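*Asks:* If you're matching them up, the sequences are chains A and B in order. Using the working numbering, the final residue of the first sequence is 458, and nothing's skipped along the way. Using the working numbering, the final residue of the second sequence is 1321, and nothing's skipped along the way.
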Amino acid sequence: MRTKSVLLVIALVAILAVLAGCAQAPAATQAPAQQKPAATQAPAQEKPTEAPKAEATEAPKAEEKEPVTLTVWSWRTEDEDAYNEIFDVYEKEHPGVTVEFVPFVATDYNNILATGLTGEGGPDVVQLRAYGGLQPLVEAGQLEPLDGKVSTLSNFSPDLLKGATGVKDGHIYGVPFGIQTLAVYYNKGIFDKLGLSEPTTWDEFINVLETLKKNDYIPIAAPAKDTWMLPIIHDTVGAPRYGGPEFEQKVLAGETDFTDPNYVASIQLVKDLQPYMPENVVGVSYQDSRTLFLTERAGMFIGGSFEVGYWRNEGPDLDLGIFRVPPAPDSVIDHPLTPGWMDGSYGVNAKSDAKEEAIKLVEWMGTKEFGQMFTEKIKQLSPVPGTEPKDPLLAQFSKFYEETPASYMLLVDFRYGDPSGTTLLGNGIQKMLLGDMTAEEVAQSLQEGVSQWFQPKK
Amino acid sequence: MTATTANRAGKKKDKHAKGVGSGAPPWTVIALFILPAFLLYTLFMVWPLFQSLYFSFFEFKGLARGGFVGLRNFHELFTRYPLNEQLPRAFLHNVYFFIGTMLIQNTLGLLFARLLYASRFGKRFFQIVYTTPYLISALVVGYLWSLMLNPLFGPVNQVLKAIGLGALARPWLGDPATALPVIILVNAWQWVGFPMLLFSAGLAGIGDDLREAARIDGATSLKLFRYIELPLLLPVIGIVTVLTFIGNFNAFGIVWAMGGVNGEPAGATDVLGLVFYRTAFRGGVDAFGLASALAVLMFIFIFGVSMIMLGRFRRWEEDLT
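1) Can you list, in chain order, the residues of its chain with a C-beta nearer than 6 Å to that of Phe1252 of chain B? Leave out the 5 residues immediately preceding and following it.
2) Distance cutoff 9 Å, beta carbons only. Does Asn1248 of chain B sit that close to anything in chain A?
3) Considering only residues of the segment 172-225 of chain A, which uninterrupted beta strand (DSSP E) runs meet the minimum length of 3 residues and lie entirely inside it, listed in chain order?
4) Starting from Ser74 of chain A, follow its DSSP beta bridges and name the residues at the other end.
5) Can you say whether Arg1226 of chain B is buried or exposed, counting buried as having 16 or more other CB atoms within 10 angstroms of its CB?
6) Which value, in whole angstroms, describes the spacing of the CA atoms of Leu425 of chain A and Arg1170 of chain B?
7) Verify whether the separation of the beta carbon atoms of Gly299 of chain A and Leu161 of chain A is less than 9 Å.
8) Report the neighbours of Val442 of chain A on chain B: residues whose CB is nearer than 7 Å to its CB, in chain order.
9) Assuming contact is defined by CB atoms lying nearer than 9 Å, are Gly238 of chain A and Ala265 of chain A in contact in what I supplied?
10) Give a yes or no on whether the minimum CB-CB distance between Thr40 of chain A and chain B is below 9 Å.
11) Give a yes or no on whether the minimum CB-CB distance between Arg415 of chain A and chain B is below 9 Å.
12) So with CB distances below 7 Å, who are the chain A contacts of Arg1312 of chain B?
13) Give the single residue among A:Tyr217, A:Phe374, A:Val126, A:Leu252 whose Cα lies nearest to the Cα of Glu459 of chain A.
14) Are any of the Cβ atoms in chain B nearer than 9 Å to that of Val138 of chain A?
15) Comparing C-alpha positions only, which one of B:Gly1174, B:Asn1187, B:Tyr1134, B:Ala1268 sits nearest to Leu1092 of chain B?
16) For Lys1061 of chain B and chain A, any beta-carbon pair shorter than 9 Å?
17) Rounding to the nearest angstrom, what Cα-Cα distance links Val284 of chain A and Asp226 of chain A in this structure?
18) Flag Asn110 of chain A as yes if its beta-carbon sits less than 9 Å from any beta-carbon of chain B, otherwise no.
19) Under 7 Å between beta-carbons, which chain B residues line up against Asn187 of chain A? List them in chain order, please.
20) Considering only their Cβ atoms, is the gap separating Ala1293 of chain B from Leu1108 of chain B smaller than 9 Å?
21) Buried or exposed: where does His335 of chain A fall if 16 or more other Cβ atoms within 10 Å of its Cβ makes it buried?
22) Got a sec: which bits of the segment 1160-1180 of chain B sit with their beta carbon under 8 Å from any beta carbon on chain A, in order along the chain?
23) May I ask you to report which of helix, strand or coil DSSP gives Trp341 of chain A?
24) If we define contact as Cβ-Cβ less than 9 Å, is Leu1083 of chain B a contact residue for chain A?
25) Is Glu296 of chain A helix, strand or coil by DSSP?
26) Return yes when the Cβ of Leu1149 of chain B is within less than 9 Å of the Cβ of Gly1259 of chain B, no when it is not.
27) Does the Cβ of Glu279 of chain A have 16 or more other Cβ atoms within 10 Å, making it buried, or fewer, making it exposed?
28) Return the bridge partner residues of Gly133 of chain A from the DSSP annotation.
29) According to DSSP, is Gln45 of chain A part of a helix, a strand, or is it coil?
30) Could you spell out where the beta strand (DSSP E) holding Arg415 of chain A opens and where it closes?
31) What in chain A is Cβ-close to Val1285 of chain B, meaning under 7 Å?
32) Using a C-beta cutoff of 9 Å, does Arg1315 of chain B count as contacting chain A?
33) Run down chain B in chain order and give the residues with a C-beta less than 8 Å from the C-beta of Asn427 of chain A.
34) At the level of alpha carbons, what is the spacing between Gly254 of chain A and Phe1194 of chain B?
35) On the CB-based measure, 16 or more other CB atoms within 10 Å of its CB, does Thr1138 of chain B come out buried or exposed?
36) Within 10 angstroms of the Cβ of Ala241 of chain A, are there 16 or more other Cβ atoms? Answer buried if so, exposed if not.
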């Protein structure tokens, strides 16, 4: 009898446990790291992330200016000091306005923001993900359309503004704050020691790889455990091979798709480079690969402008340069390309109590004054024309992007549905590196996945 | 069989009669005591459960609920590429996880419990040592072992190389063939103390008279274990099995810490919990309905199988007594 009652209790516990599991799941309690390239580095921060107090702020009337506090939400905990300095300038120029910068851990940000925008006490100004990442908020009607209200939007090219546009209604919801571009980092010290220089042809590129390998360096510190890096590597190496912007236009118009032989060949390039990546590359994480490059065990690292801050902080003594991968044989485009994308924007909460002041603030964020401070203090590229990064590496990225721009198309055009293009290609390339898939099959999988939601514009 | 049932029914009646006779508090008082817990439980457990069932029939736009779509979300789960491939694969991994944990963690737990039961020295010490890891968060355990098993910097491979077993060194978490088994082992490392404690309690509950009688009849230690202790541990084995099942099918933290959100490498460690997470929080605009549908199916499956298991073990137990 005793065992029976024990079992009864256990049955209850079991039910409880299951209920708990199910109940918690939709409530977004767990939060794995979201390592989007757009999120740049997102190290865990000790920064307390208490919800900001909503200071009841009346919309200022024309005659008497009541003090206003604007709350800005962001996923960049590491930029808090820099933003505070930037907003101090704004506060000085706009007496009566206080700007409070409240960053959250990047990995939790999307969920916190989606919840914060639903009720009272949310932020006034919000940092927004770009392209597909913006759409859930737009479709939920949580953001204020800015076109026609913010004059500085005219500073940005239509291409850039695409990242801040609602794909269904065509309205613009944010003022772009950053762009990211891709290239190959190399260790100048190692290159000098081995008598190597920046390659300008594919043969020279292979020669650099071979020389590094012969001298016991890992030529390219590539991570294949973190799948989000793989489409980045693919686009940095293969954009000219498949045709970059030309191919992008054709795919969007429905004239071709990802099974195009040129695109397949561009995927194959990643496989061709595998001998120059670390051994068992699928076991190497993003952090491992950065460590390999920092500790000078690897000569090159394929990455983006979002890593400049990390190298400067972690390896201030490293002498780094960047170059563009020369076009591979049979490339559709005969010059190197610099894939890039709009990193994110600042928008206004549709339920903000101080909408007018919030719009003024984001308008200011489209000025050169803000852009220059942004690129200097935060060490990222500003999309505002005429801003000049002080860091030589960033300046180089900026120059490359001006000379040979291209879209990182899987992020820019193929994150509007699920499964996203970057997820599909990342998983596919990983399997290719394991020998489980061919380049054709990877392309097929990408095409099959996106075609479930992607409609070419005929 | 019928005799036992009648017997049990009789006892139940007895107990009840005794309760009323001894002046049990009126039901209003009982209700008052139950109410706070009941309210909290309903609010945070039952309500979200029904809510996710409700959500699973709707389309979503971000957090805003859209129109009713019937069973479309359930249909999508099994037809949308690559979800239609990931879901069965993840389910299979959960099954492996459960079988592996039963074979390794729970068998070792039983072994440790038996050895500790027999030992005179250090019993308390070892009990504490074996149960310490499960005081640590699964995420911390996962990261710790990820560092140890790191193919480039991790000590595990370095030690293997240093003692001449370099041929065995491999990217433990980077090779699809070893990744899931390694996670099962790490999970067992963390949790082995739990079945051990339950089995220890079970063993302690077996009367010494039974053991003595068996000894007098000439049973060896092995026979004693096989024919006396093991059958009497059946209720505990049932509990451990069901709890393992529930834990393994809800696995998330340890797999996420060691395999990442996609169950790297190449989905070799993907489990239902990760598929759910990705669907809900990486799924784009219309994600919550689909994720709710998956949560509902997981609940029905886990609940159903747990119930069946409990029934099965109870019948075995009754057959034995």
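By construction, the Cβ of each residue, glycine as well, lies at the ideal position given by its N, Cα and C atoms. Given the structure is predicted, the values throughout are model-derived calculations rather than measurements.
*Replies:* Taking the definition as stated:
1) Excluding sequence neighbours, Phe1252 of chain B sits near Gly1273.
2) Interface residue (Cβ-Cβ distance to chain A less than 9 Å): Asn1248 of chain B is not classified as such.
3) 175-187, 218-220, all fully within the segment 172-225 of chain A.
4) For Ser74 of chain A, which the question treats as bridged, DSSP gives the partners A:Pro103.
5) Counting C-beta atoms within 10 angstroms of its own C-beta, Arg1226 of chain B has fewer than 16 neighbours from the protein chains shown and is therefore classed as exposed.
6) The straight-line gap from Cα to Cα measures roughly 26 Å.
7) Not closer than 9 Å, so no.
8) Chain B residues near Val442 of chain A: none, gap ~12 Å exceeds 7 Å.
9) In this structure, Gly238 of chain A places its C-beta atom within 9 Å of the C-beta atom of Ala265 of chain A.
10) Unreliable positioning characterises Thr40 of chain A in this predicted model, as indicated by a pLDDT of 42, which lies under 50. A coordinate reading is not provided.
11) It does: the Cβ of Arg415 of chain A has a partner Cβ on chain B nearer than 9 Å.
12) Listed along chain A, no residue sits closer than 7 Å to Arg1312 of chain B by beta-carbon distance, the nearest being about 11 Å off.
13) In the structure as shown, chain A starts at 1 and stops at 458, and residue 459 of chain A therefore has no counterpart that could be examined.
14) Taking Cβ atoms only, chain B reaches closer than 9 Å to Val138 of chain A, which makes this a yes.
15) Minimum Cα distance to Leu1092 of chain B is reached at B:Ala1268.
16) Answer yes: the Cβ-Cβ gap between Lys1061 of chain B and chain A drops below 9 Å somewhere.
17) Cα to Cα, the separation comes out at about 8 Å.
18) So, interface residue.
19) Think of a sphere of 7 Å around the beta carbon of Asn187 of chain A: no beta carbon from chain B falls inside it, the nearest being about 17 Å out.
20) The Cβ atoms of Leu1108 of chain B and Ala1293 of chain B lie no closer than 9 Å to each other.
21) Exposed, because fewer than 16 other Cβ atoms sit within 10 Å of the Cβ of His335 of chain A.
22) Hits within the stretch, in order: Arg1170, Pro1171, Trp1172, Leu1173, Gly1174, Asp1175, Pro1176.
23) Strand at Trp341 of chain A.
24) The C-beta of Leu1083 of chain B comes closer than 9 Å to at least one C-beta of chain A.
25) In this structure, Glu296 of chain A counts as coil in the three-state DSSP scheme.
26) Contact flag unset, no.
27) Result: exposed.
28) Paired residues: none, contrary to the question.
29) Unreliable placement is indicated for Gln45 of chain A, whose pLDDT of 37 sits below 50; the coordinate value is still reported in the next sentence. DSSP places Gln45 of chain A outside both helix and strand once states are collapsed to three, so it counts as coil.
30) Per DSSP, Arg415 of chain A belongs to no beta strand (DSSP E) and is neither H nor E.
31) Those within 7 Å of Val1285 of chain B in chain A are Gln135, Pro136, Glu139.
32) So, not an interface residue.
33) Residues of chain B whose Cβ lies closer than 8 Å to the Cβ of Asn427 of chain A are, in chain order, Pro1082, Asn1262, Ala1266, Gly1267.
34) Taking the straight line joining both Cα atoms gives about 58 Å.
35) This sequence places Ala at residue 1138 of chain B; Thr is not what is there. Here Ala1138 of chain B is buried: its Cβ has 16 or more other Cβ atoms, across all protein chains shown, within 10 Å.
36) Checking the displayed sequence, the identity of residue 241 of chain A turns out to be Arg instead of Ala. When all chains shown are included, Arg241 of chain A counts as buried.
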